[in-house]
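Numbering (the numbering used here), first residue to last: 30 to 190. A short worksheet on the structure shown next.
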């Protein structure tokens, strides 16, 4: 009889332990489900963030300057030696030339009004010239001494977006 009581006690202890283990497993299962749900939400948010960044990058890329090539750059001013009969005339686009802004271009290569970057300086294509053909840019200076100092230089030219 004592053996039966001991066996019943052992079986009871096993059932209690199994019940406790089942309860612990249910708690763990609930926690794992929460972790899984949170992971899915985090992955969905990450996917949305990546799509937003892609869209933003497309916008940034469209605003980046594009490389136009290496151009032969020269300099001019409004003196008679540089401009001949057009000494006191406005630029081809109708503006008054300004040092640090105005360049003369071949409009078949760079349309008038286009902004370009040369050596980190932004210029606007406002003028043309008889010697400005193909990949040649004439940079406006205020006086003839500066144009002679500048001479002819090959420079990378970037078109602003």
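Just so it is clear, CB atoms sit at the ideal spot from N, CA and C, and this is done for glycine as well.
Problem - Endpoints, alpha helix (DSSP H) assigned at residue 175 - result: What you label residue 175 is simply residue 146 of the chain shown in a count that begins at 1. Start and end: 173 to 179.
Exercise for the section: State buried or exposed for residue 66, treating a residue as buried only when at least 16 other CB atoms are found within 10 Å of its CB. Expected result: Residue 66 sits at position 37 when you count from the first residue of the chain shown. By the 10 Å Cβ count, residue 66 comes out exposed.
Practice task
Mind checking which residues open and close the alpha helix (DSSP H) that includes residue 128?
Solution key: Here residue 128 corresponds to residue number 99 of the chain shown, with the count starting at 1. Per DSSP, residue 128 lies in no alpha helix (DSSP H) segment and is marked neither H nor E.
Exercise for the section: Quick one: give me the first and last residue of the alpha helix (DSSP H) that residue 111 is part of. Expected result: As a working mapping, residue 111 is identified with position 82 in the chain shown. First-last of the alpha helix (DSSP H) with residue 111: 109 to 112.
Practice task
Return yes when the Cβ of residue 157 is within less than 8 Å of the Cβ of residue 121, no when it is not.
Solution key: Translated into positions along the chain shown, residue 121 becomes position 92. Translated into positions along the chain shown, residue 157 becomes position 128. Yes; because the gap between Cβ atoms is below 8 Å, this pair is in contact.
Handout entry: Run of the beta strand (DSSP E) containing residue 104, from where it starts to where it stops
Key = Taking the chain shown and counting its residues from 1, the one referred to as residue 104 is at position 75. Per DSSP, residue 104 belongs to the beta strand (DSSP E) from 95 to 105.
Practice task
Would you check if the distance between the CB atom of residue 132 and the CB atom of residue 166 is smaller than 8 Å?
Solution key: As a first step, residue 132 must be located in the chain shown, where it is residue number 103. As a first step, residue 166 must be located in the chain shown, where it is residue number 137. Yes, the pair counts as a contact, with Cβ atoms nearer than the cut-off.
Practice task
Write down the C-beta distance between residue 145 and residue 188 rounded to the nearest angstrom, noting that I regard them as a contact closer than 8 Å.
Solution key: One-based indexing of the chain shown puts residue 145 at position 116. One-based indexing of the chain shown puts residue 188 at position 159. Yes, they are in contact, since the Cβ atoms of residue 145 and residue 188 sit about 6 Å apart, within 8 Å.
Problem - Proximity of residue 164 and residue 100 at Cβ, strictly below 8 Å - result: Your numbering for residue 164 matches position 135 in the chain shown. Your numbering for residue 100 matches position 71 in the chain shown. Here residue 164 is near residue 100, since their CB atoms are less than 8 Å apart.
Practice task
Measure the alpha-carbon distance for residue 114 versus residue 104 and round it to whole angstroms.
Solution key: In the chain shown, residue 114 corresponds to position 85, counting from 1. In the chain shown, residue 104 corresponds to position 75, counting from 1. C-alpha separation (whole angstroms): 18 Å.
Problem - Bridge partners - residue 64, DSSP secondary structure assignment - result: What you label residue 64 is simply residue 35 of the chain shown in a count that begins at 1. For residue 64, which the question treats as bridged, DSSP gives no partner whatsoever.
Handout entry: Endpoints, the beta strand (DSSP E) within which residue 161 is located
Key = Counted from its first residue, the chain shown places residue 161 at position 132. For residue 161, there is no enclosing beta strand (DSSP E), since its DSSP letter is neither H nor E.
Problem - residue 186 - containing beta strand (DSSP E), residue span - result: Position 157 of the chain shown, counted from the start, is the residue given in the question as residue 186. From DSSP, the beta strand (DSSP E) with residue 186 extends over 182 to 188.
Exercise for the section: With residue 153 as the anchor, note down where its beta strand (DSSP E) starts and where it stops. Expected result: For this step, residue 153 is matched to residue 124 along the chain shown. Looking at the DSSP string, the run of the beta strand (DSSP E) that includes residue 153 is 150 to 156.
Problem - Proximity to residue 148 [Cα-Cα], best of 86, 102, 71 - result: To locate residue 148, count along the chain shown from 1; it is residue 119. Taking the Cα of residue 148 as reference, the smallest distance to any Cα among 86, 102, 71 is reached at 102.
Handout entry: Contact set for residue 191: own chain, Cβ-Cβ below 7 Å, skip 5 residues either direction
Key = Here the chain has residues from 30 to 190 only, and residue 191 is not among them.
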